[in-house]
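There are 2 protein chains.
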Amino acid sequence: MGLRDEILEQPEVARRHLASSSAAIDALVARLRANPIYHLFIAARGTSDHAAIYGQYLFGVVNALSVGLAAPSVVSVYGVEPRVGRSLVVGISQSGASPDIVAVVAAARRQGAPTLAITNAPDSPLGAAAEYVIDLAAGPERAVAATKTYTTSLLALARLSGALAGEPTEALQGIPDAIAAALEVEPEVERITGELASMDRGVIVGRGFEYATAREWALKLKELAQVFADPYSAADFLHGPIALVQPGIPVLVLAPAGAAAPGQLQLLRDLRERRVDTLVASDVADARALGRWSIALPAGLPERLRPIVSIVPAQLFAYHLTRARGLDPDQPRYLSKVTRTV
Amino acid sequence: MGLRDEILEQPEVARRHLASSSAAIDALVARLRANPIYHLFIAARGTSDHAAIYGQYLFGVVNALSVGLAAPSVVSVYGVEPRVGRSLVVGISQSGASPDIVAVVAAARRQGAPTLAITNAPDSPLGAAAEYVIDLAAGPERAVAATKTYTTSLLALARLSGALAGEPTEALQGIPDAIAAALEVEPEVERITGELASMDRGVIVGRGFEYATAREWALKLKELAQVFADPYSAADFLHGPIALVQPGIPVLVLAPAGAAAPGQLQLLRDLRERRVDTLVASDVADARALGRWSIALPAGLPERLRPIVSIVPAQLFAYHLTRARGLDPDQPRYLSKVTRTV
Chain A
3 MGLRDEILEQ
13 PEVARRHLAS
23 SSAAIDALVA
33 RLRANPIYHL
43 FIAARGTSDH
53 AAIYGQYLFG
63 VVNALSVGLA
73 APSVVSVYGV
83 EPRVGRSLVV
93 GISQSGASPD
103 IVAVVAAARR
113 QGAPTLAITN
123 APDSPLGAAA
133 EYVIDLAAGP
143 ERAVAATKTY
153 TTSLLALARL
163 SGALAGEPTE
173 ALQGIPDAIA
183 AALEVEPEVE
193 RITGELASMD
203 RGVIVGRGFE
213 YATAREWALK
223 LKELAQVFAD
233 PYSAADFLHG
243 PIALVQPGIP
253 VLVLAPAGAA
263 APGQLQLLRD
273 LRERRVDTLV
283 ASDVADARAL
293 GRWSIALPAG
303 LPERLRPIVS
313 IVPAQLFAYH
323 LTRARGLDPD
333 QPRYLSKVTR
343 TV
Chain B
3 MGLRDEILEQ
13 PEVARRHLAS
23 SSAAIDALVA
33 RLRANPIYHL
43 FIAARGTSDH
53 AAIYGQYLFG
63 VVNALSVGLA
73 APSVVSVYGV
83 EPRVGRSLVV
93 GISQSGASPD
103 IVAVVAAARR
113 QGAPTLAITN
123 APDSPLGAAA
133 EYVIDLAAGP
143 ERAVAATKTY
153 TTSLLALARL
163 SGALAGEPTE
173 ALQGIPDAIA
183 AALEVEPEVE
193 RITGELASMD
203 RGVIVGRGFE
213 YATAREWALK
223 LKELAQVFAD
233 PYSAADFLHG
243 PIALVQPGIP
253 VLVLAPAGAA
263 APGQLQLLRD
273 LRERRVDTLV
283 ASDVADARAL
293 GRWSIALPAG
303 LPERLRPIVS
313 IVPAQLFAYH
323 LTRARGLDPD
333 QPRYLSKVTR
343 TV
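Next comes the structure, spelled out in structure tokens:
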């Protein structure tokens with residue numbers, strides 16, 4: 003099983019995750035209904051931190067909670083346990099082995115706050131530290147670059163958010179097929195990466211829900227393809243980093259339908275005027291037409307769930323760009339599967 | 003007045019800010035003493051977002067608050083006003099003109115939460131939206147790249163944190179002289195940037211309090227010198243982006259004394275083994291000796307206040323690297339002083 007196998011396995015893994023026990027979600031939702039919270043803090047590193055960013059938009063927009071990403075060093079380096087009040091504190095880690103994430107969750111639990119671990123290793127230290135545990139049930143992830151544990155982490159967050167909002171689960175049940183549809187772009191993605199093989203720098207722009215996708219796409223490009231890929235929300239991009247763009251440095255833009263679309267389309271038109279090469283990932287043909295290259299995303303998904311699907315072509319892009327650059331996606335430089343940061 | 007003048011003006015500006023009225027801070031602290039809070043959310047973009055990151059560590063470590071950075075798009079793009087409960091909600095913006103930051107603060111105020119604006123324009127929309135306003139009193143900032151409004155934003159946060167903790171203000175009073183001492187490295191910084199003129203990519207690593215400095219240093223390098231400068235906390239760096247480093251791509255490491263120092267020193271030794279060129283900014287000679295290049299930071303500052311000073315050599319570095327690369331630091335490409343993101 004290599005990285006590509008794990009990317010292609012995601013429809014099946016998503017199906018398995020959705021069929022897995024919802025007991026932890028049900029119990030946590032019952033507790034939060036009895037004792038409402040306003041705040042949610044999420045501690046995570048690396049790829050899991052991008053799942054946390056998705057959670058920030060999801061629980062903000064769907065559940066109207068104030069969501070913050072924890073700075074784990076406050077606990078692990080400075081030894082201070084911030085007061086969490088009645089926040090829900092969530093740790094996300096596929097291995098469940100990172101001491102700093104465990105420390106944040108353990109500190110919150112000592113204060114009596116509800117705590118949740120989202121992990122592929124429920125028997126891990128993180129699983130032991132949290133009161134509630136959602137098992138990703140993604141099966142062993144052998145590739146160093148996380149893919150299926152990312153999409154299942156997003157799914158787990160979406161299940162919890164939907165259950166807390168009392169939403170029906172039909173839309174979630176459509177995700178495995180949507181991931182399968184997203185995988186069909188592989189031949190086109192491979193063709194594009196062939197043209198971009200000399201790319202050693204790039205900017206990736208998302209907004210709102212797709213900001214998490216931009217961050218995760220960039221990380222995959224860094225760790226696998228050794229590309230300096232700089233991810234931004236469109237708003238922050240205009241606050242300085244736009245100075246980086248110039249002909250020859252591609253800008254990858256996530257511009258699917260939704261509330262963030264108008265701003266993304268304006269950005270695409272501005273970049274076109276500046277003769278910058280863009281790659282557009284979108285479910286809207288008019289948006290794709292604004293890019294030099296484009297990748298089609300499956301249409302018809304609710305905006306709040308789409309990041310679970312839109313990362314999939316980006317994973318394929320990173321995989322094939324890595325090979326186009328003569329590197330081995332299954333042997334990324336300097337990295338190991340479990341990173342135990344303190 | 004150009005960018006360099008504003009960098010050099012910072013000791014005087016810091017002195018002026020510290021002498022400015024503390025009425026807003028006193029009133030806010032009195033309110034927070036009467037009605038204690040556990041949570042603080044900060045909304046900001048660009049350079050101000052890096053002040054917010056400093057605030058996350060500062061109020062976490064010194065005041066044991068749970069601090070989150072707001073995702074302004076939740077309000078401005080998706081039209082949802084998250085419940086803030088009894089959080090303190092802070093907006094930071096030198097111009098006070100960014101509609102998305104104003105929207106976050108206004109939404110919190112409508113809910114009755116205490117709100118604070120930190121701005122160089124107290125008469126701005128942000129100043130009008132917040133119940134409490136700290137005037138940076140930095141004087142007009144004309145250069146597109148923010149420098150003196152960054153250091154005064156940090157100072158404003160440090161004043162508030164210290165007042166809330168009931169700390170004496172002596173250490174704060176030493177900051178203007180420390181900034182003046184930090185400016186003395188300019189000839190050495192100019193010499194180093196001459197050697198690095200061909201740098202078009204780089205990684206910047208901070209940890210804990212100095213993570214904000216790494217982020218702001220990177221932004222200055224992007225917007226002024228057009229360098230793909232990727233900032234990381236050391237923990238996140240090990241989760242993937244370390245794959246980017248190789249001989250010829252310098253890594254700039256903030257490694258001053260303090261709780262985060264042991265990890266940074268280990269990272270420097272690892273990078274040396276991999277023959278990566280590092281530049282070390284530190285107040286400790288042993289740490290500096292681990293780098294191919296080094297910049298001395300003034301010694302003896304409390305760790306929680308040092309980011310106000312350690313950014314200053316980084317600003318000089320960005321200014322001189324920009325010139326060494328044949329670019330004009332006073333005319334950054336595509337940027338304007340006020341960015342009104344929605």
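Chains as they are written, first to last, in the numbering used here: chain A, 3 to 344; chain B, 3 to 344. A virtual CB, placed ideally from N, CA and C, is assigned to each residue, including glycine.
- Message: Am I right that F61(B) and L30(B) are in contact with their C-beta atoms under 8 Å? What's the rounded C-beta distance?
- Response: Along the second sequence, read from residue 1 onward, the residue named residue 61(B) stands at position 59. Along the second sequence, read from residue 1 onward, the residue named residue 30(B) stands at position 28. Not a contact, Cβ separation roughly 13 Å.
- From V64(A) to I310(A), what distance separates their C-alpha atoms? Here residue 64(A) is taken as the residue at index 62 of the first sequence, counted from 1. Here residue 310(A) is taken as the residue at index 308 of the first sequence, counted from 1. Their backbone Cα atoms lie some 16 Å apart in a straight line.
- When burial is assigned at 16 or more other CB atoms within 10 Å of the CB, is D7(A) buried or exposed? For this step, residue 7(A) is matched to residue 5 along the first sequence. By the neighbour-count definition (other C-beta atoms within 10 Å, threshold 16), D7(A) is an exposed residue.
- Could you tell me whether the Cβ atoms of A66(B) and P84(A) are closer together than 8 Å? By one-based count along the second sequence, residue 66(B) stands at place 64. By one-based count along the first sequence, residue 84(A) stands at place 82. Contact: yes.
- Query: Sorted by chain position, which residues of the same chain lie with C-beta nearer than 6 Å to V92(B)'s C-beta, five sequence neighbours on each side aside?
  - Reply: On the second sequence, position 90 is the one that residue 92(B) refers to. The answer, listed in chain order, is I44 and L118.
- Determine whether the Cβ of Y234(B) lies closer than 8 Å to any Cβ atom of chain A. Your numbering for residue 234(B) matches position 232 in the second sequence. No, no contact with chain A.
- H19(A) to S126(A) span [Cα, whole Å]: The residue labelled residue 19(A) in the question sits at position 17 within the first sequence. The residue labelled residue 126(A) in the question sits at position 124 within the first sequence. Distance between the alpha carbons of H19(A) and S126(A) is about 18 Å.
- Query: To which residues does DSSP link P233(A) through a beta bridge?
  - Reply: The count along the first sequence starts at 1 and reaches residue 233(A) at position 231. According to DSSP, which records beta bridges pairwise, P233(A) is partnered with I206(A).
- Message: Quick check on D330(B): buried or exposed, where buried means 16 or more other Cβ atoms within 10 Å of its Cβ?
- Response: Residue 330(B) sits at position 328 when you count from the first residue of the second sequence. It is exposed - the Cβ of D330(B) has fewer than 16 other Cβ atoms within 10 Å.
- Item | Closest Cα partner of A320(A) within the set I244(A), L269(A) and E225(A) | Looking up residue 320(A) in the first sequence gives position 318. When only C-alpha atoms are compared, the closest one is E225(A).
- Burial state of N37(A) (16 or more Cβ within 10 Å): Here residue 37(A) refers to the residue found at position 35 when the first sequence is read from its first residue. N37(A) should be labelled exposed.
- Query: DSSP on V314(B), reduced to helix/strand/coil?
  - Reply: Numbered from 1 along the second sequence, position 312 holds the residue referred to as residue 314(B). V314(B) falls in the helix class under three-state DSSP.
- Task: Measure how close the beta-carbons of A261(A) and E305(A) come, nearest whole angstrom, since I'm counting them as under 8 Å.
- Result: Here the question's residue 261(A) lines up with position 259 in the first sequence. Here the question's residue 305(A) lines up with position 303 in the first sequence. Taking a contact as a CB-CB distance under 8 Å, the pair A261(A) and E305(A) counts as one, their CB atoms being some 7 Å apart.
- Query: Can V69(A) and G81(B) be called in contact, C-beta distance under 8 Å?
  - Reply: Position 67 of the first sequence, counted from the start, is the residue given in the question as residue 69(A). Position 79 of the second sequence, counted from the start, is the residue given in the question as residue 81(B). Contact flag unset, no.
- Message: For a contact defined as C-beta to C-beta under 7 Å, what are the partners of P331(B) on chain A?
- Response: Counting from one through the second sequence, the residue named residue 331(B) turns up at place 329. One finds nothing in chain A with a Cβ atom closer than 7 Å to the Cβ of P331(B); even the nearest lies about 11 Å away.
- Message: Assuming F43(B) is part of the beta strand (DSSP E), what are its boundary residues?
- Response: As a position in the second sequence, residue 43(B) is number 41, starting the count at 1. Residues H41 to A45.
- Message: So, at 7 Å on beta carbons, what are the nonlocal neighbours of H322(B) in its own chain, with the 5 sequence-adjacent residues on each side left out?
- Response: The residue you call residue 322(B) lines up with position 320 of the second sequence. V191, E192 and T195.
- List the DSSP bridge partners of G168(A). Here the question's residue 168(A) lines up with position 166 in the first sequence. Its beta-bridge partners do not exist; DSSP assigns none.
- Along the segment 304-316 of chain A, what residues have a CB closer than 8 Å to any CB found in chain B? none
- Item | Cross-strand partners of G129(B) (DSSP beta bridge) | What you label residue 129(B) is simply residue 127 of the second sequence in a count that begins at 1. None; G129(B) has no bridge partner.
- Residue span of the alpha helix (DSSP H) that contains Y59(A), given as start and end: Locating residue 59(A) in the first sequence gives position 57, where the first residue counts as 1. G48 to V63 is the extent of the alpha helix (DSSP H) around Y59(A).
- Message: Which of the three DSSP states is assigned to I177(A) in this structure?
- Response: For this step, residue 177(A) is matched to residue 175 along the first sequence. In this structure, I177(A) counts as helix in the three-state DSSP scheme.
- Query: How long is the line joining the alpha carbons of I177(A) and R271(A), rounded to whole angstroms?
  - Reply: Indexing the first sequence from 1 puts residue 177(A) at position 175. Indexing the first sequence from 1 puts residue 271(A) at position 269. Rounded to whole angstroms, I177(A) to R271(A) spans 31 Å at the Cα level.
- Item | Three-way DSSP call (helix, strand, coil) for T280(B) in this model | Counting from one through the second sequence, the residue named residue 280(B) turns up at place 278. Looking at T280(B) - three-state DSSP - the assignment turns out to be strand.
- Item | Cβ contact check for the segment 161-168 of chain B and the segment 215-225 of chain B: 3 or more pairs under 8 Å | no
- Item | DSSP three-state assignment for R306(A), whether helix, strand or coil | For the purposes of this step, residue 306(A) is taken as the residue at position 304 of the first sequence. R306(A): coil per DSSP, three-state reduction.
- Message: Rounded to whole angstroms, what is the Cα-Cα separation between I55(B) and A289(A)?
- Response: The residue labelled residue 55(B) in the question sits at position 53 within the second sequence. The residue labelled residue 289(A) in the question sits at position 287 within the first sequence. Computed Cα separation, rounded: 34 Å.
- Query: Across which residues does DSSP place L90(A) in a beta bridge pair?
  - Reply: Taking the first sequence and counting its residues from 1, one reaches residue 90(A) at position 88. L90(A) is bridged to L42(A).
- Message: One question on the structure: do P249(A) and D279(A) come within less than 8 Å of each other, judged by their Cβ atoms?
- Response: As a first step, residue 249(A) must be located in the first sequence, where it is residue number 247. As a first step, residue 279(A) must be located in the first sequence, where it is residue number 277. Yes, the Cβ-Cβ distance between P249(A) and D279(A) is below 8 Å.
- Message: Please tell me whether I206(A) and D232(A) are closer than 8 Å, where the distance is taken between their beta carbons.
- Response: The sequence position of residue 206(A) within the first sequence is 204, counting from 1. The sequence position of residue 232(A) within the first sequence is 230, counting from 1. Contact: yes.
- Message: Would E225(B) pass as an interface residue toward chain D - the criterion being a Cβ-Cβ separation below 8 Å?
- Response: As a matter of chain content, chain D is missing from the structure shown, whose protein chains are A and B.
- Cβ-based burial, S50(A) [other Cβ within 10 Å; buried from 16]: For the purposes of this step, residue 50(A) is identified with residue 48 of the first sequence, where counting begins at 1. Counting other Cβ atoms within 10 Å of its Cβ, S50(A) reaches 16 or more and is therefore classed as buried.
- Message: Please report the straight-line C-alpha distance between L10(A) and S200(B), rounded to a whole angstrom.
- Response: For the purposes of this step, residue 10(A) is taken as residue 8 along the first sequence, with counting starting at 1. For the purposes of this step, residue 200(B) is taken as residue 198 along the second sequence, with counting starting at 1. Spanning the two alpha carbons is a distance of roughly 41 Å.
- Residue burial classification, K356(A) (beta-carbon count within 10 angstroms, cutoff 16): The question about residue 356(A) has no answer, for chain A in this structure spans 3 to 344.
- Item | Which of helix, strand or coil DSSP assigns to G70(A) | If you number the first sequence from 1, residue 70(A) lands on position 68. The answer is strand: DSSP assigns G70(A) an E or B state.
- Message: Does any residue of chain B have a CB that is nearer than 8 Å to the CB of R47(A)?
- Response: Position 45 of the first sequence holds residue 47(A). It does: the Cβ of R47(A) has a partner Cβ on chain B nearer than 8 Å.
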